[in-house]
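A.B. asks: Protein chains in written order, with the working numbering: chain A, 1 to 191; chain B, 1 to 159. Heads up, the beta-carbon is just placed ideally off N, CA and C, and yes, glycines get one too.
1) For residue 17 of chain B, which residues in the same chain have their Cβ closer than 6 Å to its Cβ, ignoring the five residues on either side in sequence?
2) In the DSSP assignment, find the unbroken beta strand (DSSP E) run with residue 17 of chain B in it and report its ends.
3) With contact counted as at least three CB pairs below 8 Å, one residue from each stretch, are the stretch 33–49 of chain B and the stretch 99–108 of chain B in contact?
4) Counting only C-beta atoms, is residue 133 of chain B closer than 7 Å to chain A at any point?
5) Closest Cβ-Cβ distance between residue 180 of chain A and chain B: below 7 Å?
6) Quick check: is the beta carbon of residue 74 of chain B nearer than 7 Å to any beta carbon in chain A?
7) What are the boundary residues of the alpha helix (DSSP H) that residue 100 of chain B is part of?
8) State buried or exposed for residue 11 of chain A, treating a residue as buried only when at least 16 other CB atoms are found within 10 Å of its CB.
9) Going by C-alpha distance, which of B/115, B/138, B/147 and B/144 is nearest residue 3 of chain A?
10) What's the C-alpha gap between residue 163 of chain A and residue 24 of chain A?
11) Using three-state DSSP, classify residue 52 of chain B as helix, strand or coil.
12) Note down the Cα distance separating residue 27 of chain B from residue 144 of chain B, rounded to an integer number of angstroms.
13) Which whole-angstrom value is the C-beta distance of residue 98 of chain B and residue 61 of chain B, which I expect to be below 8 Å?
14) Looking at the structure shown, is residue 9 of chain A part of a helix, part of a strand, or coil, going by DSSP?
15) Just mark residue 150 of chain B as buried or exposed, buried being the case when its beta carbon has 16 or more other beta carbons within 10 Å.
16) Between B/122, B/101 and B/139, which has its C-alpha nearest residue 130 of chain B's C-alpha?
17) Who are the neighbours of residue 9 of chain A on chain B, taking C-beta pairs under 8 Å?
18) Let me confirm a value: residue 121 of chain A is counted as buried when at least 16 other C-beta atoms fall within 10 Å, else exposed. Which label applies?
19) Return helix, strand or coil for residue 37 of chain A, following the three-state DSSP convention.
20) For residue 117 of chain B, would you say it is in contact with chain A, using Cβ-to-Cβ distances shorter than 7 Å as the test?
21) Mind pulling the chain A residues with CB within less than 9 Å of residue 139 of chain B?
22) Report back the beta-carbon spacing between residue 120 of chain B and residue 90 of chain B to the nearest angstrom; my notes put them in contact at under 8 Å.
23) Determine the extent of the alpha helix (DSSP H) in which residue 211 of chain B is found, giving its start and end residues.
24) Can you name, in chain order, every residue of its own chain whose Cβ lies under 7 Å from the Cβ of residue 11 of chain B, other than the five neighbours on each side?
25) Between residue 85 of chain B and residue 7 of chain A, what straight-line distance do the alpha-carbon atoms span, to the nearest angstrom?
26) Would you kindly report the start and end of the unbroken alpha helix (DSSP H) that includes residue 115 of chain B?
27) Compile a chain-ordered list of the residues in the stretch 147–159 of chain B whose CB is closer than 9 Å to at least one CB of chain A.
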């Protein structure tokens, strides 16, 4: 029955009683959740290319393990793997990503690589998605600081203690976001 | 004694619920249960088959569902009927519904298991642990510390 539940409900029913908690902690359940939300670990590299989605580095590790047959699949703590990927890649966050548009050389918001509503030229070139490259948060921050603010950030960042507060003033949300992501093991690799 | 048979051509299987009530069920219906099927295959079912984990009212519901499910294979109306009946029971008496599901699980009726589980899962979606306990009459056997720890451990899913 638990296999029909969504992530939140699954986490919720785990708090009902002991037996439900152990049932809701079942490794297979979380593997299923992982496959449903992020694609099968076996295909996660493929998904990454196809949809521009990113699974966590850990998931890549898992799939390599699985492919190479080095470690048995049961060794994987799928709940933990799901949690890591979910935190870094929750639908709320991944539906709005940044992308670099080759055409107008600027950063745009995109939804699952189809920025049809945002950019006229991409609607014409839907078959050539490389015109919009997805970017990591760090790349966006670099772009924003490096391009329009290059003169200030390069001179101020190390010597002046005002460097960081300045950036925070300008881009409070971006910085908060990038730090949050930075807490997970590695920055995400989109490309 | 509750008889659910209305056909003379089919073989009748006799089953006894945990509270001692005896049911006569058509073989085709009884065989929906993999548990009963295995018992019959192993020849443990010459006389009355005991079902120690299922009470009479629940078993009656199971049979009813089984029959409807057998009929619904080629009948959309029956399918609707079964669904609305299931949903009604779920709304009016979720506790009995969860007992029905447990019985279906115990009797190993695969077809019904998927259906009832899907409905119960839909019903539980978005409900708090406290409400679920209340509706399904489940006792909270966590200590307050354990409960707090589990809530903390699951917090990432709700952030």
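C.D. replies: On the basis of the supplied data:
1) The residue you call residue 17 of chain B lines up with position 17 of the second chain. These residues qualify, in order along the chain: 51, 54, 55, 56 and 59.
2) Counting from one through the second chain, the residue named residue 17 of chain B turns up at place 17. Per DSSP, residue 17 of chain B belongs to the beta strand (DSSP E) from 12–17.
3) With the cut-off at 8 Å, the stretch 33–49 of chain B and the stretch 99–108 of chain B touch.
4) Residue numbering aside, residue 133 of chain B sits at position 133 when the second chain is read from its first letter. Yes, because at least one Cβ of chain A sits closer than 7 Å to the Cβ of residue 133 of chain B.
5) On the first chain, residue 180 of chain A is found 180 positions in, with the first residue counted as 1. Bear in mind that a pLDDT of 44 at residue 180 of chain A, under 50, signals an unreliable position, so the model cannot answer this.
6) Stepping through the second chain from its first residue, residue 74 of chain B is reached at position 74. Cβ-Cβ to chain A under 7 Å: no for residue 74 of chain B.
7) Translated into the one-based positions of the second chain, residue 100 of chain B becomes position 100. Taken as a continuous stretch (DSSP letters only), the alpha helix (DSSP H) holding residue 100 of chain B covers 94–107.
8) Within the first chain, residue 11 of chain A is the residue found at index 11, counting from 1. Residue 11 of chain A comes out buried.
9) The residue labelled residue 3 of chain A in the question sits at position 3 within the first chain. Looking at B/115, B/138, B/147 and B/144, the one whose alpha-carbon comes closest to that of residue 3 of chain A is B/115.
10) Start at 1 with the first residue of the first chain, and residue 163 of chain A comes out as number 163. Start at 1 with the first residue of the first chain, and residue 24 of chain A comes out as number 24. Confidence is the limiting factor: at residue 163 of chain A the pLDDT is only 45, short of 50, which leaves the residue's position unreliable and the question unanswerable from this model.
11) Stepping through the second chain from its first residue, residue 52 of chain B is reached at position 52. Here residue 52 of chain B sits in coil by DSSP.
12) By one-based count along the second chain, residue 27 of chain B stands at place 27. By one-based count along the second chain, residue 144 of chain B stands at place 144. Answer to the nearest angstrom: the Cα atoms are 49 Å apart.
13) For the purposes of this step, residue 98 of chain B is taken as the residue at position 98 of the second chain. For the purposes of this step, residue 61 of chain B is taken as the residue at position 61 of the second chain. For residue 98 of chain B against residue 61 of chain B, the beta-carbon gap comes to about 12 Å, at or over 8 Å, which does not count as contact.
14) As a working mapping, residue 9 of chain A is identified with position 9 in the first chain. If DSSP states are grouped into helix, strand and coil, residue 9 of chain A belongs with the helices.
15) Here residue 150 of chain B refers to the residue found at position 150 when the second chain is read from its first residue. Buried is the call here.
16) For this step, residue 130 of chain B is matched to residue 130 along the second chain. Distance from the Cα of residue 130 of chain B is smallest, within the candidate group B/122, B/101 and B/139, for B/139.
17) Counted from its first residue, the first chain places residue 9 of chain A at position 9. Residues of chain B with a Cβ closer than 8 Å to the Cβ of residue 9 of chain A are, in chain order, 121, 124, 125, 126 and 127.
18) The residue you call residue 121 of chain A lines up with position 121 of the first chain. In this predicted model, residue 121 of chain A has a pLDDT of only 44, less than 50, meaning its place in the structure is not dependable; the value taken from the coordinates is given anyway. Classification of residue 121 of chain A: exposed, given that the 10 Å Cβ count is below 16.
19) On the first chain, position 37 is the one that residue 37 of chain A refers to. Three-state result, residue 37 of chain A: helix.
20) Working through the second chain from its first residue, we reach residue 117 of chain B at position 117. For residue 117 of chain B, the answer is yes, since a Cβ of chain A falls inside 7 Å of its Cβ.
21) Counting from 1 along the second chain, the entry for residue 139 of chain B is found at position 139. Scanning chain A for C-beta atoms nearer than 9 Å to the C-beta of residue 139 of chain B yields 17, reported in chain order.
22) For the purposes of this step, residue 120 of chain B is taken as residue 120 along the second chain, with counting starting at 1. For the purposes of this step, residue 90 of chain B is taken as residue 90 along the second chain, with counting starting at 1. About 7 Å separates the two Cβ atoms, so the contact holds.
23) A query on residue 211 of chain B cannot be resolved here, the shown segment of chain B reaching from 1 to 159 and no further.
24) For this step, residue 11 of chain B is matched to residue 11 along the second chain. Shown here for residue 11 of chain B: same chain residues with a beta carbon closer than 7 Å to its own, the five before and five after excluded, namely 27 in chain order.
25) Here residue 85 of chain B refers to the residue found at position 85 when the second chain is read from its first residue. Here residue 7 of chain A refers to the residue found at position 7 when the first chain is read from its first residue. Taking the straight line joining both Cα atoms gives about 28 Å.
26) In the second chain, counting from the first residue as 1, residue 115 of chain B sits at position 115. Counting along the chain, the alpha helix (DSSP H) containing residue 115 of chain B begins and ends at 110–124.
27) Listed in sequence order: 147, 150, 151, 153, 154, 155, 156, 157, 158 and 159.
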